[in-house]
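Participant: With the sequence shown counted from 1, adding 38 to any position gets you our numbering. We put the CB at the ideal spot given by N, CA and C, even for glycine. Take a look at the following structure, please.
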Amino acid sequence: MIKRLVIKFQIMITIFLFTLLITGSSWGEENLIKIGVLAKRGTEVCLKNWSPTAEYLSARIPGKTFVIIPLDHMQIYPSVKKGEVDFILANSNFYVELEHLYEATRIATLKNRCLDSFYSKYWGVIFWKADRKDMRQLNDLKAKTFMATEEYSLGGWLMAWREFKEKGVDPYRDFKDLKFTDTGIQDDVVYAVRDGKADAGTVRYDTLMRMHAEGKIDLKNFSVVHEHGGEDVDCPPFPHSTRGYPEWPMAKLKHTPDELAEKVAIALVEMPADSFVAIAAECGGWTIPMNYQSVHECLKYLKVGCYRDLGKITIADVVRNYWRWILLAVVLFLIMTGYSIAIIILNRNIKASNEKLKLEVNERIKTEEALRKSEEFNKRIIENSIDCITILDLDGRLEFTSESGQKLMEIEDISTYLNQPWVDLLTCSDDSYKAALEAISKAEERGTGHFSAYCPTVKGIPKWWDTIITPIMGKDGKVERLLSVSRDITGHKRLEAQFFQAQKMEAIGTLAGGIAHDFNNLLTAIIGNAQLALMDVRKDESLREEIEEIKKAGEKAAFLTRQLLAFSRKQIIKPEVLDLNEEIHETEKMLKRMIKEDIEFLLVLEPDLWKVYTDPGQINQVVMNLVVNASDAMPRGGKLTIETANMELDDTYFRNRGIVESASGHYVMLAVTDNGTGMDKETLSRIFDPFFTTKGIGSGTGLGLSTVYGIVKQNKGYVWVYSEPGKGTTFKVYFPKATEDVTAGKEQEKFAGEISGSETVLIVEDDDGLRNLAKNALRKYGYEILEAENGEKALNVSETHNGRIHLLLTDVVMPGMSGTDLAEKLQSIRPETRVIYMSGYTDNAIVNHGILRKGINFIEKPFSPESLGRKVREVLDDGN
Numbered sequence: 039m040i041k042r043l044v045i046k047f048q049i050m051i052t053i054f055l056f057t058l059l060i061t062g063s064s065w066g067e068e069n070l071i072k073i074g075v076l077a078k079r080g081t082e083v084c085l086k087n088w089s090p091t092a093e094y095l096s097a098r099i100p101g102k103t104f105v106i107i108p109l110d111h112m113q114i115y116p117s118v119k120k121g122e123v124d125f126i127l128a129n130s131n132f133y134v135e136l137e138h139l140y141e142a143t144r145i146a147t148l149k150n151r152c153l154d155s156f157y158s159k160y161w162g163v164i165f166w167k168a169d170r171k172d173m174r175q176l177n178d179l180k181a182k183t184f185m186a187t188e189e190y191s192l193g194g195w196l197m198a199w200r201e202f203k204e205k206g207v208d209p210y211r212d213f214k215d216l217k218f219t220d221t222g223i224q225d226d227v228v229y230a231v232r233d234g235k236a237d238a239g240t241v242r243y244d245t246l247m248r249m250h251a252e253g254k255i256d257l258k259n260f261s262v263v264h265e266h267g268g269e270d271v272d273c274p275p276f277p278h279s280t281r282g283y284p285e286w287p288m289a290k291l292k293h294t295p296d297e298l299a300e301k302v303a304i305a306l307v308e309m310p311a312d313s314f315v316a317i318a319a320e321c322g323g324w325t326i327p328m329n330y331q332s333v334h335e336c337l338k339y340l341k342v343g344c345y346r347d348l349g350k351i352t353i354a355d356v357v358r359n360y361w362r363w364i365l366l367a368v369v370l371f372l373i374m375t376g377y378s379i380a381i382i383i384l385n386r387n388i389k390a391s392n393e394k395l396k397l398e399v400n401e402r403i404k405t406e407e408a409l410r411k412s413e414e415f416n417k418r419i420i421e422n423s424i425d426c427i428t429i430l431d432l433d434g435r436l437e438f439t440s441e442s443g444q445k446l447m448e449i450e451d452i453s454t455y456l457n458q459p460w461v462d463l464l465t466c467s468d469d470s471y472k473a474a475l476e477a478i479s480k481a482e483e484r485g486t487g488h489f490s491a492y493c494p495t496v497k498g499i500p501k502w503w504d505t506i507i508t509p510i511m512g513k514d515g516k517v518e519r520l521l522s523v524s525r526d527i528t529g530h531k532r533l534e535a536q537f538f539q540a541q542k543m544e545a546i547g548t549l550a551g552g553i554a555h556d557f558n559n560l561l562t563a564i565i566g567n568a569q570l571a572l573m574d575v576r577k578d579e580s581l582r583e584e585i586e587e588i589k590k591a592g593e594k595a596a597f598l599t600r601q602l603l604a605f606s607r608k609q610i611i612k613p614e615v616l617d618l619n620e621e622i623h624e625t626e627k628m629l630k631r632m633i634k635e636d637i638e639f640l641l642v643l644e645p646d647l648w649k650v651y652t653d654p655g656q657i658n659q660v661v662m663n664l665v666v667n668a669s670d671a672m673p674r675g676g677k678l679t680i681e682t683a684n685m686e687l688d689d690t691y692f693r694n695r696g697i698v699e700s701a702s703g704h705y706v707m708l709a710v711t712d713n714g715t716g717m718d719k720e721t722l723s724r725i726f727d728p729f730f731t732t733k734g735i736g737s738g739t740g741l742g743l744s745t746v747y748g749i750v751k752q753n754k755g756y757v758w759v760y761s762e763p764g765k766g767t768t769f770k771v772y773f774p775k776a777t778e779d780v781t782a783g784k785e786q787e788k789f790a791g792e793i794s795g796s797e798t799v800l801i802v803e804d805d806d807g808l809r810n811l812a813k814n815a816l817r818k819y820g821y822e823i824l825e826a827e828n829g830e831k832a833l834n835v836s837e838t839h840n841g842r843i844h845l846l847l848t849d850v851v852m853p854g855m856s857g858t859d860l861a862e863k864l865q866s867i868r869p870e871t872r873v874i875y876m877s878g879y880t881d882n883a884i885v886n887h888g889i890l891r892k893g894i895n896f897i898e899k900p901f902s903p904e905s906l907g908r909k910v911r912e913v914l915d916d917g918n
């Protein structure tokens, strides 16, 4: 016995030092909360299952960081005794003994997940291999080898022991061999039975099903004895061998503050059953703490745990141990001391009875006090919940509503709603009414009902509600009442709607940007060939007018394509640091010409306005589009105001204006306000949709405001609009403040020198029309032309050409070899060759090919023969 205690003590010291090594670095933190968890399947599985719960509690309870401390069966008692953990999650029998020894208090009970259902009770199974024909019931296990998890594990042994004992089987006497695992892991019991190391075994009810689901075993290979102490209520829909006992409780220790325990209990009870945290823990969330009296009865019946010494000091024990002395005394002093002995025996009986009665009274007082504290604790949980908690009868009529629920529903006098149909408060449509009734019906059948519905409060405030309904079971196992928890999800619904709108805009933008390349190739050929034709046609020829019309139509199409790219936020831009006030002043005259004479034009500009980093052409386009939109909204004249300001904004400012994707920081605001016709809510919801317009047919493209939206988003800004019918409209655009120093000047003046030359240019383009256009244009300017339709053929042309190739003009995106790969290979052979890239793809495609870096020569499609000639001459002269 002493040797066994020494071994246990050594094991405890080793485990304690290991635990201290793991957690020592964080114990020094003041706000660290430690949750001790019984690692029934090992430390790794314990941390995998319960670490998400610690992270969940850390997120729900500000200022506290929760960690999981895995404990085996030998570590739990010393850890609790020394106060090394603040909460304990362990087997129910451990909790009962910890409650008795160290005044631990349960705050919530686990809802275990099994077969897509949730149970707050659990059972044990006694099983053997299916091919064993000699075992059919518990009495057949006599003279057999039997394996269990731990000698003090409720689901792993004590539940089964009780059933054996009631059937007249003494496992410690009648079994051939009773073995327990060395690891304390229930899976090892199943493997032992499977591998023939034991004839039979016992584990928790869900162990076999879990291992089957994980592919570790096949349930067909095992048989389970279905005897369970005559229990006929609240039974699970699967074979089990024992009575049901309440699931693992989460308990606070004596030193843990009640306020913290309340917060933890509320967070656990409110944990959704389908959340990642619950799924990781392989459970269905938590419920209010259950009654653990059945566990007390089991331990008392077996005389283990805190009841191990129950009834040991009795008269029968005294007689059995000292009968020789008693007999001798009776023989020697039968007459003289008979009366005295009788009195002594009577006094002993009275004393033992008094002690037993006193013990029972004290236990009852403690139980009643614990019940009172539990009821008060549950009441505080309900009072402090942010949700609407209600109790319903089986007909769905209201019996109770929490104070927080009355505030959410804006109910001033709850008495007028008691005993009334509860669904009338949370539904206002036939569909939601039907969903609520179905949820109630499911809860009445011991399931969990759930529905979401829109319904205003009593005072008419619009609200969306998410409701979960669960049954409240009576002692007889029947559903007595229903528990409903309703959460206000109005804000979530609003954000969801805004997210869907943003997705729609992004989808349209993706479509618009996707067709840019083909459009740009076509427009380059149309505009370029028209300009080449004009170069060959005299001014007085009648054909010239038709060619100019073709050129104008192509340029209009190119402008429309740029607007689509601006909306889709894929336009190729050249940003620089700008003063928004200067840009407005430079375009002021043009803006005044764009509006009608009966409109008053005002500028209210911040004197020391911060700089912004953006494309000046895009800024001008935003201002012009907003001014034109404002002018069109004032057909009878009015006032148009352009305003700039420096603003430091936080997330609350954006959220109050319905802007979902926002970032706090410094912004430059551009506001355009008119006092025109204004817009209703329906029009406001669509103003940024491409091709949407309130003007007549032929009066607008519907791309003005969608272009503004695209430009602002491309420059990482935000747009907000406010309007009321008959009162006017205000558009506010927020551009991020430039973080880099002001760069020197604006873009240098375009090349204005001679554009002709005689150098050799290699043109590589997979589109025949574009390649012929570039070839014809550059030949008109005197250049010698080599051409190829892809990268491989271009390298072949270079290999066969004996002279110098001064310039490579290549498309960026081509089948096979890209333009950048071609340039790299050609320059490795001809390092003196200069390169110009051309492309009609959107900004993202060009950036992915590394074209928009500094020092890279690039010309955007569509381009004119003249602009191509100037770009070629400019690059060749820079190289010289």
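1. Could I get the ranges of all uninterrupted beta strand (DSSP E) runs contained in the stretch 116-177, with 3 residues as the minimum, in chain order?
2. Could you check how far apart the C-beta atoms of L954 and R582 are, in whole angstroms? I think they sit under 8 Å.
3. Quick one: grab the DSSP three-state call for P108.
4. Could you give the first and the last residue of the continuous alpha helix (DSSP H) run that contains Y229?
5. How would you write the range of the alpha helix (DSSP H) that T628 sits in, first residue to last?
6. Would you check if the stretch 230-237 and the stretch 193-203 touch, i.e. whether three or more CB-CB distances between them fall below 8 Å?
7. Ignoring anything shorter than 4 residues, give me the alpha helix (DSSP H) runs that lie fully in the stretch 240-286, in order along the chain.
8. Is the separation between the beta-carbon of T652 and that of M717 shorter than 9 Å?
9. Roughly how far, in whole angstroms, is the beta-carbon of K182 from the beta-carbon of F213, given that I think they are within contact range, below 8 Å?
10. Using alpha carbons as the reference points, say which of L246, I420, K217, L153 lies closest to A236.
11. Grab me the residues of I304's own chain with a C-beta within less than 7 Å of its C-beta, minus the 5 sequence neighbours each way, in chain order.
12. At 3 residues or longer, what runs of the beta strand (DSSP E) sit wholly inside the stretch 755-779?
13. Quick check on DSSP: helix, strand or coil for M852?
14. Among the candidates I749, K497, R525, whose CA atom is the shortest distance from the CA of F489?
15. Could you spell out the range, first to last residue, of the alpha helix (DSSP H) harbouring W648?
16. At a cut-off of 8 Å, would you count D469 as near the ligand FAD, judging by its Cβ distance to the nearest heavy atom?
17. Measure the C-alpha to C-alpha separation of V496 and S723 and round it to an integer number of angstroms.
18. For P209, write down the residues that DSSP places opposite it in a beta bridge.
19. Tell me the rounded alpha-carbon separation between P903 and G566.
20. Does the stretch 162-169 come close enough to the stretch 127-134 that 3 or more CB-CB pairs lie under 8 Å?
21. Does N694 pass the burial test, meaning 16 or more other C-beta atoms within 10 Å, or should it be called exposed?
22. Using beta-carbon positions only, say whether V105 and K78 come within less than 9 Å of one another.
23. Are three or more beta carbon pairs between the stretch 294-303 and the stretch 275-286 nearer than 8 Å?
24. With a CB to CB cut of under 7 Å and the five nearest residues on each side skipped, what residues in its chain are close to K501?
25. Quick one: using the 10 Å Cβ neighbour count with 16 as the cut-off for buried, is S124 buried or exposed?
26. What are the uninterrupted segments assigned as alpha helix (DSSP H) that are 4 or more residues long and contained completely in the stretch 290-369, given in chain order?
27. Which one of L136, D244, D172, K411 has the shortest CA to CA distance from D154?
28. For P946, name the three-state secondary structure that DSSP assigns.
29. Once the 5 residues before and after V913 are set aside, which same chain residues still bring their CB inside 7 Å of it?
30. From which residue to which residue does the beta strand (DSSP E) around V930 run?
31. Looking at the unbroken beta strand (DSSP E) that takes in M511, where does it start and where does it end?
32. In whole angstroms, what separates the C-alpha of K899 from that of S877?
33. In whole angstroms, what is the alpha-carbon distance linking T715 and Y760?
34. Answer yes if the stretch 252-265 comes into contact with the stretch 93-110, meaning at least three C-beta pairs across the two stretches below 8 Å, and no otherwise.
35. Does DSSP put M374 in a helix, a strand or coil?
36. Going by alpha carbons, who is nearest to H138 out of V333, A709, I867?
Facilitator: Reading it off the structure:
1. Whole beta strand (DSSP E) segments, 3+ residues: 125-127, 143-152, 155-157, 162-167.
2. Any question about residue 954 goes unanswered here, given that the chain covers just 39 to 918.
3. Looking at P108 - three-state DSSP - the assignment turns out to be strand.
4. For Y229, the enclosing alpha helix (DSSP H) covers residues 224-232.
5. It should be pointed out that residue 628 corresponds to Met in this sequence rather than to Thr. DSSP places M628 in the uninterrupted alpha helix (DSSP H) bounded by 626-632.
6. No, because fewer than three Cβ pairs between the stretch 193-203 and the stretch 230-237 fall closer than 8 Å, the two stretches do not touch.
7. Those alpha helix (DSSP H) runs which fall completely within the stretch 240-286 and span 4+ residues are 243-251.
8. Result no, Cβ atoms of T652 and M717 do not sit closer than 9 Å.
9. Indeed, because the Cβ distance is near 6 Å, the residues count as touching under 8 Å.
10. When the alpha-carbon of A236 is set against those of L246, I420, K217, L153, the nearest one is in K217.
11. Same-chain partners within the cutoff: I419, N422, S423.
12. Segments of the beta strand (DSSP E) lying fully in the stretch 755-779: 756-762, 766-774.
13. It is coil, neither helix nor strand.
14. Closest option to F489, Cα to Cα, is R525.
15. DSSP places W648 outside any alpha helix (DSSP H), giving it a letter other than H or E.
16. Within the structure as shown, the ligand FAD is missing, as the structure has no ligands at all.
17. V496 and S723 have their C-alpha atoms some 28 Å from each other.
18. For P209, which the question treats as bridged, DSSP gives no partner whatsoever.
19. Taking the straight line joining both Cα atoms gives about 6 Å.
20. No, because fewer than three Cβ pairs between the stretch 127-134 and the stretch 162-169 fall closer than 8 Å, the two stretches do not touch.
21. Around the beta carbon of N694, fewer than 16 other beta carbons sit within 10 angstroms, so the residue counts as exposed.
22. No.
23. The stretch 294-303 is not in contact with the stretch 275-286.
24. Result list for K501: C493, P494, T495, D526, T528, in chain order.
25. According to the sequence provided, residue 124 is Asp. The question's Ser does not apply to it. Buried: at least 16 other Cβ atoms inside 10 Å.
26. Secondary structure within the stretch 290-369: the alpha helix (DSSP H) runs of 4 or more consecutive residues, fully enclosed, are 296-307, 314-318, 331-340 (chain order).
27. Comparing Cα-Cα distances from D154 to each of L136, D244, D172, K411, the minimum goes to D244.
28. One cannot answer for residue 946 here, as it falls past the ends of the chain, which runs 39 to 918.
29. Non-local beta-carbon contacts of V913 in its own chain, meaning distances under 7 Å to residues more than five positions away in sequence, involve L845, R872, I874, N895 in chain order.
30. Residue 930 lies beyond the range of the chain shown here (39 to 918); nothing can be said about it.
31. Residues 502-511.
32. The straight-line gap from Cα to Cα measures roughly 6 Å.
33. About 13 Å.
34. Not touching, per the Cβ criterion.
35. In the structure shown, M374 adopts helical secondary structure according to DSSP, grouped into three states.
36. Ranking V333, A709, I867 by Cα distance to H138 puts V333 first.
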